[in-house]
Structure formats: structure tokens, C-alpha cells
Amino acid sequence: MDELVQLAESMCQAASLLLGDDDPSDESSPRRPSTFLNAVDVVFLLTAAVASAVRVASCSHRVGRHRRGRRQAQIRGEPLQWAAAAASVGFRPGADQDTTRGRAEEFHVGVILDLGSLVGKVARTSISLAVEDFYMVHRNYSTRLVLHFRDSMASDVRAASAAVDLLENYKVQAIIGPQKSSEAVFVSNIGNEAQVPIVSFTATSPSLTSNSMPYFVRATSNDSVQVNSIASLIKAYGWREVVLVYEDTDYGRGILPYLIDALQEIDARVPYRSVIPFSATSENIQEELYKLMTMQTRVFVVHMSSTTTSHLFTKAKEVGMMNKGFVWIITNGVANIIDSLSPPVIEAMNGVIGVRFHAPKTKNLDRFSIRWNRMYQRDNPDESPFDKLSIVGLWGYDTIWALAQAAEKVGISTAKKRKQIPSKNSTCLESMVISTNGPDLLTTIVQNKFRGLSGDFDLTDRQLQVSMFQIINVVGRGWREIGFWTAKSGLSQQLNQTGLQITGTASKLNLNPVIWPGESTEIPRGWEFPTNGKKLRVGLHTSGYPEFMKTIKDPVTNATRVSGLSIDIFEEVVKRLPFALTYDYLAFDTEDTASTWSYNDFVYQVYLQNYDIAVGDITVRYNRTSYVDFTMPYTESGVAMIVPVKENKNNDMWIFLKPLSRGMWCGSTIFFIYTGFVVWLLERLNGNGHLHEDKLERFLSRLVLLVWMFVLLVLTSSYTASFASMLTVQQLSPAVNDVHDLQKQGEYVGFHRGSYIEGLLEDIGFDRSKIRPLDTPDDFHSALSNGSKNGGVAALVLEVPYIKLFLAKYCQGYTMVGPIYKTAGFAFALPKRSPLLTDISRAILNITEGDAIIQIEKKWIGQNSCQNDDKVGGSGSITLGSFGGLFLLTGVVTTCSLIIALLTNWHNTNQKSGTEGDDQNQHRHGEKRENGHAQGDQKNEDNRDYSDTENQTKLSVPQSLNTNDDEMRDDRPKNSNLTF
50 MDELVQLAES MCQAASLLLG DDDPSDESSP RRPSTFLNAV DVVFLLTAAV
100 ASAVRVASCS HRVGRHRRGR RQAQIRGEPL QWAAAAASVG FRPGADQDTT
150 RGRAEEFHVG VILDLGSLVG KVARTSISLA VEDFYMVHRN YSTRLVLHFR
200 DSMASDVRAA SAAVDLLENY KVQAIIGPQK SSEAVFVSNI GNEAQVPIVS
250 FTATSPSLTS NSMPYFVRAT SNDSVQVNSI ASLIKAYGWR EVVLVYEDTD
300 YGRGILPYLI DALQEIDARV PYRSVIPFSA TSENIQEELY KLMTMQTRVF
350 VVHMSSTTTS HLFTKAKEVG MMNKGFVWII TNGVANIIDS LSPPVIEAMN
400 GVIGVRFHAP KTKNLDRFSI RWNRMYQRDN PDESPFDKLS IVGLWGYDTI
450 WALAQAAEKV GISTAKKRKQ IPSKNSTCLE SMVISTNGPD LLTTIVQNKF
500 RGLSGDFDLT DRQLQVSMFQ IINVVGRGWR EIGFWTAKSG LSQQLNQTGL
550 QITGTASKLN LNPVIWPGES TEIPRGWEFP TNGKKLRVGL HTSGYPEFMK
600 TIKDPVTNAT RVSGLSIDIF EEVVKRLPFA LTYDYLAFDT EDTASTWSYN
650 DFVYQVYLQN YDIAVGDITV RYNRTSYVDF TMPYTESGVA MIVPVKENKN
700 NDMWIFLKPL SRGMWCGSTI FFIYTGFVVW LLERLNGNGH LHEDKLERFL
750 SRLVLLVWMF VLLVLTSSYT ASFASMLTVQ QLSPAVNDVH DLQKQGEYVG
800 FHRGSYIEGL LEDIGFDRSK IRPLDTPDDF HSALSNGSKN GGVAALVLEV
850 PYIKLFLAKY CQGYTMVGPI YKTAGFAFAL PKRSPLLTDI SRAILNITEG
900 DAIIQIEKKW IGQNSCQNDD KVGGSGSITL GSFGGLFLLT GVVTTCSLII
950 ALLTNWHNTN QKSGTEGDDQ NQHRHGEKRE NGHAQGDQKN EDNRDYSDTE
1000 NQTKLSVPQS LNTNDDEMRD DRPKNSNLTF
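In terms of this note's numbering, the sequence shown opens at residue 50 and continues consecutively.
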């Protein structure tokens, strides 16, 4: 009876539509003339309405899964929808449609959405508008999409039932949807059987793989694509721990493996996973939030549906988790539709940052938004259309365009019926038809690439290719952009006009400032001490040196009293932390209860979570870093030996040679010979062939000798001082200089009990029987005094800080040799990835770089002048290098003097040769003139008195002048006269 009533209502609705009775709420649709009526069209539409009602009723009888009330609404609505679609295809009366009537073939497409949800409403409006726009542009296409909407009501079973109905009764050749990832699993399996493409632009779970679902196409991004952008954000802000808050659905669980892997790559830890059931009540969510508040981590990544997310943040604001110090990051499932959420929810989300798909702004998108708002208002008169359109709606719009283009290219399928297998319990699936063009249609869809409203629409690999995300910050009643993330370049502040990343300002994070929860602009550190009043458990280990650590248990109060350098540094660190830190001291052992536990056992308690931090003289060791993290060292360290010193007696007959090294002796001899030769040569060039002991005639000779005497004076003084020291000062030297010599000689060595030095000595090669553990500095002194042969040790192998304390107390008879092994120093041990590590290390650096560490060391170690730092007594031989400057001085002066003398001698020799040549020419010319006069006066000359011969003519020979204080000596006497 109900089916007949519904059939009558469907027929009336179809007739009313054709007769011109339009929906009064649709102001944009033209009024059809009531006078015009095509009888054929009326009969066709009424027949189709009857057939549709019968098919729906038949399938409802076989499947029987829908509620009666909701199904009746669908039975009433489907014929109307079909009639409206048919009218839009070509059955609307009017002259402008007559030319295309009958030429476009119907390409039936099913649409499965949760029409009661926000996403479903947005998608339905976008899809309907996409069909109108596409065929407005492509009027000459031979195919036309006919949409059949189905409401899944957020039920996986209803979605599967709707898919069976669409495939069996409407022979749809493609299905758009379903909306949820869990629904897509069922529907995709049905699509695989019928070889019908299933195209969803809302199912984002990574579990929907293309291998197991060959006919499933994801026209949206995979949730796993965004995990790297989230990890980049966490790394940029330096957070080390993250709590994942997700919905207990396929959608919520699907992202977990990929997100955890991405966080592990940046060394971020996930200490807890908060699972919120899809049907959780407000009380359930509030209880889980209180549990999160008791934890230390304050960074939360939320991956839920929009409905559950709204409940979560509303409750989070109520319980105080949207205050300063908290960090909330939402995934693109909610960030993509943030504008569509209600204002109270957005206000509760203030301070949240999110990752969303970036849709470029275009003029076409602006015009489309106006038309979309008008249609959404018509479809949902009780809701405001503003800020409802999201990237989901754009993906739905582009999906219709891709499917319409593929349908035109492939054409209408000639479906063939599945071969019936006789069975007593047959179902609808057995009679389902198989699409013949399903594979071709699938191939055409995934190969179609174009520029849509959402951007580049590329379904390669059967899913939308996305490589860019927008980072947003929820502020006030909206959001603002703080940056972008691309797979190629990572985080950036903005993009240029081509969509490529450009460099922002010199910001540390390369992102715009964020307003965090509580309207704070200070970057949260990502962790806080829990609100349950738990204090930090500080483990203490008594040291063999009370100066470093001393713990005593009070027998009355049972309280632990502690003192020492290590504890003073720890308490100073706590004062310098940027937050308050409460703690309790827990003694691993005490001074009055001797312990055989080693430092390795003490550090391992941190790994066992018995302590939150281990404080003491703990050496940073490689093997310990495998289960704990160390802070920065607060003191230098290293491994060295304490050995007795011995006296060296000099009984060598050649000891007088030791003040100067062999090179010094050779160098001095060479310079002595060289200097003597140069002095002799200088005097020889000056004509002094026979040197006198007390007289050097030449100035250069005196200069060379003066410099050499200065060098000789310094050398002699140094030789005298060194030789006197060797003869008078007591010589002390280590009894042994190499730890390997002790091992080869089979000597006993000692170490501090419980220290890692025991393992180090075994690695060097010492037998365990040759290694003796000792406890106190008095034990060290006693063992060294007795020696290896009297039950003691030949040397102690300790860390340098301990050696300094020992030598400050026992300064006579011992010295340090080494270091023989390098270590990082003393530090505090924390659990792996502890959030305290960075702040404590920075505080330690602040202490060690200032005056505080000096004052603390003075307090416990002191400035004891008795400390014996000398490794070897006495002085060494004087080397040639220590006199290099003096020898260089005398060498330069001597050589320069020699060069000057040689050049002067060469110059004077050339000058003398020229003067002698002029005198000879003048003498020849005078002889010729005198011979001429002699021939004329021969007689007169003969008659001269013989006595005149006594008057001789004297010729004076001029001397050659020497302007260089050095005279060139001639073989003739000075001022010699030639008598003619």
C-alpha cells in the first residue's frame, strides 16, 4: 500500500515538473510555459517514474537494510531527482533545447555521500553545479552524465547497499564516493566485481591501496603525503615528543604507521597514543583529556573527523588545555574545511596550527564561489552558505569534469549480465552486471590531466598528486597563513606567483609568527611537568672522593644528606633553568653502607626508570650512551697514571758535554771556524799579511769580531748555568713513562673500585690478576708506597680529576704521567630523549663558561700549592735552535762584511789600473819632445859645466787617494822621486 502511495506521489511530482511548476525556492530557474506540453515526454517521464519506484521497492524487499522512514523519503525523492536530471539532459520544453534533444546518451553515475554531514552537503552542491557547468561549455557532447544520489547515513552497510542498488537497478557505469574510508573498502570490492570505477574525493586513508582495489581511484590526497610536512613543523620548533590523538576508525588509524615513521626520522618520540572512539561521548573525551594533562608531553597531533574534532576542542578548552604551553596540530582532514566549522568551535581552536591543501586563488574560483553559495543556499535553506566552500568541494567539482570527459571519450557501456549459477540461497550480487567499458573508462580517468578549480588535477597512480601544503594558524574566528611546505624545499614563508618556494626573511624557523594557545607568542617548549605533583627522582652515587659526592642517610628522619662538587653543580643548574623544578634525592648507596655496585649499574637504573636523572662523577662513555643520554660535561677528564718519582745521579765522565746538545757543539764549531777565516781574509785584503794579537787594522774585522764575542759570551753563560744545574740540583723523573711497559714487565696496577678503568686495563692487555681495585686516597698512597713486589702497585690508573685531588694531598714522591686515554668528562645521565636534556645542558654551559664553576672548584678542590705537577725534574741540554737568533746575527754580519770587503777591493783594483796607464802615455810624449830640443842644442849641451849634473830635476809621482779608510799599497815608497 505504501509503495502505491509513493508511486502516485512520484508520478505527480514528475507531471508537475513538466507542466511548469518549478520549485519556488529556486529563483534562478526559468518558469516553464504551462501551455506547452509534449505528450511523448510526459508519457516517457511517467513511465520512467513508475519503473523507478518499482525497482526501488523491489531492491528494498531483497536487501532490507534501510530504515523505513529514511527509505520512504528516498523512494519519494529518487524519481524527482531522476526527472530533474532527465529534464536537464534534454527533456525540458523550450526552443533552445529542441536541437539537442535525443542526441545525448545518458551516462548513469551513482553518487554515495553522507548527505546529513557538512562534507556531504558541500560535495552535493559542487557536484550538481559541475554537471551544469560542464555541459554548458560542452553542448555538442554525445554523452551526458545522469547523477543518482544516495545517502549512506555514515554507515558502511548502507553505503554497500546503495552501491548494489545503483549497479543492479540503474546500471551505473561509475560511482562517485563513498565519503568515508571504511565505506570505500566495501564499495570498492563491489566495484571490483562489477568492473566499475569507484572515484572518491574524500576517502584519504592510506590503507586504500591501488593493488588490492584496482578499480578504486582517489581524487584527493593520501593522508600519508602530509606526514612529512607535520614532521617538518615539529623539527623546526625543536619538539622531541609528540602525542597522537586519533579517531578509532579506518581513517584515523590509517595514518599512524606513516606518521610514526616520519617522526622517527627526525628523532621525535611518541610516548602515548590517545584513541577516541567514533561514538565517544563528551564524558569519554573529557576523561581522556584529563589523562593527557597528567602527562609530560604538551604537543598533540589530532587526526579525526570534523565532528569528533569539534567535540574534542570544545572539551579541551573547558578543561584548560587550550592555555599557554600547549601545542595542537590538526591534519588536513579538518584544516581543509576549517572555514565550514561553527564559530564557537573555531574560537575554541584558537592557537591551533594545521596543514591543509593549497588551492591557488583565481578569478574563476571567485566567480564560482558566488554561484556555489547561491546553489548551496537553495539546497540548504536553513544554513548560511558563506565560508562553506572548501577544497573538498573543489575536488568534487573537478572529479565530475574528469569523469564527464572520460565518458565522452569511452562512450556508453553495453553491460553484460553475469552468468547465473543455480543456487538455493542466491543474492543480488550474483545477478549483478559487468561493465564492458569499465577498464577503458578507468584508464581514461587516470590519464586525464587538466587545470581545475583545485589546481593541477592529476590522477596518475590512481590518486591525486599533491606536493604542496599550506600551514595555517587558527586565530579569532578565522585563520591566517604562516607558511608553506613543499616536498622539494621544505618550509617557507610564502610562494611566488609561479607557486615555487621563495626565501622568506632571516627567521630562524622560516615561518611567520604564530599565536599559540592562550594568545601567547612565545614558542612552547613542548613539555611540562605533570599536574599530578610528581617530583623529579634524582639518583645519587657515593664517590670514592667525598669532594665530588658524599651521601649520608639520617637514621632518625631517614632523609638523604648529600654534599660535594657534583651536587653543587646540579643545584646551580636547577637555579638557572627557565622553569621551576622540584626533585627528591634518592641514594644509590651511602658512605656508611659500602656498595659493590659499579657506575655502570648506577647509570642503568635510569634506563630501568628507577631514576629520572643520575647525578655524580659519572664519566661519559660510549657503551653507556646506548641506554641513556648525557648532558654536556661539567668538568674536564681523561685517564692518566700516578707513579712514584726516582732520583737520577750523574756519574758520567763526559757530563761536561751534556749542557750543549750535539747540534749545538757542531754549530758552534762551524761558526767559530767561519768567523776566524773571515777575519783573516779581511785583514789580508787590507795588506796586513801578519796579524798581531792585539791589533786589527781594518774596521770590518773589528765589527765581525765584536759580534762573535757577544755570541760567545751568551753561549758561555748558558753553558755555565746548565752545567751547574746538572751538578747541583737533584734530578727527579717518573719511575715509568708508559703503561705498556708495566704490562710487559708484569707489574701490578691499581684503579678506583667500581670504575670503568678495570675494563680499559683489560683492553690494554693486563691480566685480571695484575689489576688491584682500591677504594680511598689513603689506599692509593699505601699501595704506591709498598710497590708492586710488596703487595702494592707500581702505578695507579685514574681519571685526571681524581689524580689532581690525590696529588693535592700527597704532593711528595708522586707525579702524573699522561693522559694515556681521552674521555669526554663528568656529566649527568638522563633517559633517552628526555625533554630536560637540552635545558640542563645549556645551563651547564652557562656555568662552565662563567665564574660559578671556578668558585665551586675552589670550594671543594682548593688551590693547594703542594700539588706536584712536575713530570720530570732538571733541565735539558741547550740546543742549536735556542741560539738560532744569535748565530743568525753573527752569520749575517760576518758574511756582509766579507762581501763589502771584496767589492771594495775590486773597485780599488780597477781604479789603480786606469791611473797607471795615463802616466805611461804622458811619459812617452815628453821623451819625444826632449829629443827634438836635444838635437838642436847638442853643442851647447856638450859645453855645459859637468858640475851642473848635480842639479837634478825631480819628478813627483802623485799617490792614489783611498776614500774608504783602506789604502792601496804600492811597491814604491810614498812620495818617491824619479831623478833624470
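Glycine included, every Cβ here is placed at the ideal spot set by N, Cα and C.
Residue i to residue j span [Cα, whole Å]
i: ASP617; j: TYR805; result: 24 Å
i: LEU657; j: TYR676; result: 9 Å
i: ALA252; j: VAL482; result: 26 Å
i: ALA384; j: LYS366; result: 18 Å
i: ILE304; j: HIS352; result: 8 Å
i: LYS881; j: ALA784; result: 45 Å
i: LEU730; j: GLY940; result: 15 Å
i: ARG711; j: VAL622; result: 57 Å
i: LEU630; j: ARG416; result: 58 Å
i: LEU764; j: MET758; result: 10 Å
i: THR357; j: LEU508; result: 30 Å
i: GLY460; j: THR192; result: 7 Å
i: PRO1054; j: VAL160; result: Residue 1054 is absent from the model: the chain starts at 50 and stops at 1029.
i: ASN271; j: PHE250; result: 10 Å
i: CYS108; j: ASP214; result: Per-residue confidence for CYS108 stands at a pLDDT of 38, beneath the threshold of 50, marking its modelled position as unreliable; the derived number appears in the next sentence. Rounded to whole angstroms, CYS108 to ASP214 spans 7 Å at the Cα level.
i: ARG625; j: TRP576; result: 18 Å
i: PHE235; j: ASN241; result: 10 Å
i: ASN189; j: ILE325; result: 52 Å
i: ILE315; j: TYR286; result: 12 Å
i: VAL560; j: GLN542; result: For the record, residue 560 in the displayed sequence is Leu; it is not Val. Distance between the alpha carbons of LEU560 and GLN542 is about 5 Å.
i: ALA211; j: VAL248; result: 15 Å
Residues that DSSP places opposite residue i in a beta bridge
i: HIS197; result: GLY159
i: HIS801; result: LEU823
i: THR535; result: MET517, GLY539
As assigned by DSSP and simplified to three states, the class of residue i
i: PRO142; result: Note that PRO142 scores 31 on pLDDT, short of 50, meaning its location in the model is unreliable and no value can be drawn from it.
i: ASP507; result: strand
i: TRP703; result: coil
i: TYR660; result: coil
i: ILE379; result: strand
i: PRO783; result: strand
i: ARG267; result: strand
i: TRP714; result: helix
i: GLN987; result: Confidence in GLN987 is poor, its pLDDT being 48 and thus under 50, which makes the residue's placement too unreliable to answer from.
i: TRP288; result: coil
i: GLY374; result: coil
i: LYS961; result: helix
i: PHE327; result: coil
i: TYR594; result: coil
i: THR3; result: This structure leaves residue 3 out entirely; the chain is present only between 50 and 1029.
i: ARG891; result: helix
i: GLU898; result: coil
i: GLU154; result: strand
Residue environment, residue i, which counts as buried when at least 16 other CB atoms sit within 10 Å
i: GLU232; result: buried
i: PRO627; result: exposed
i: MET370; result: buried
i: TRP377; result: buried
i: ASP650; result: exposed
i: SER774; result: exposed
i: SER883; result: buried
i: GLU811; result: exposed
i: SER475; result: Bear in mind that a pLDDT of 49 at SER475, under 50, signals an unreliable position, so the number given afterwards is only what the model happens to contain. SER475 is exposed by the Cβ-count criterion.
i: TYR300; result: buried
TODO: Identify every run of the beta strand (DSSP E) within the segment 182–247, keeping only runs that are complete inside it and at least 3 residues long; order them along the chain.
DONE: For the segment 182–247, whole beta strand (DSSP E) runs of length 3 or above, ordered along the chain, are 192–200, 223–225.
- [ ] Report the residue ranges of all alpha helix (DSSP H) runs contained in full by the segment 378–462; include only those spanning at least 4 residues, in chain order.
- [x] Taking only runs of at least 4 residues, the alpha helix (DSSP H) segments lying wholly in the segment 378–462 are 381–384, 392–397, 412–428, 440–459.
- [ ] Write down every uninterrupted run of the beta strand (DSSP E) in the segment 833–877 whose length is 3 residues or greater and which is fully enclosed by it, in chain order.
- [x] For the segment 833–877, whole beta strand (DSSP E) runs of length 3 or above, ordered along the chain, are 844–848, 863–870.
- [ ] Write down every uninterrupted run of the beta strand (DSSP E) in the segment 332–366 whose length is 3 residues or greater and which is fully enclosed by it, in chain order.
- [x] Complete beta strand (DSSP E) runs here, min 3: 348–352.
TODO: Go through the segment 610–696 residue by residue and report every complete run of the alpha helix (DSSP H) that reaches 4 residues or more, in order.
DONE: Taken in chain order, the unbroken stretches of alpha helix (DSSP H) that lie wholly in the segment 610–696 and span 4 residues or more are 614–625, 648–656.
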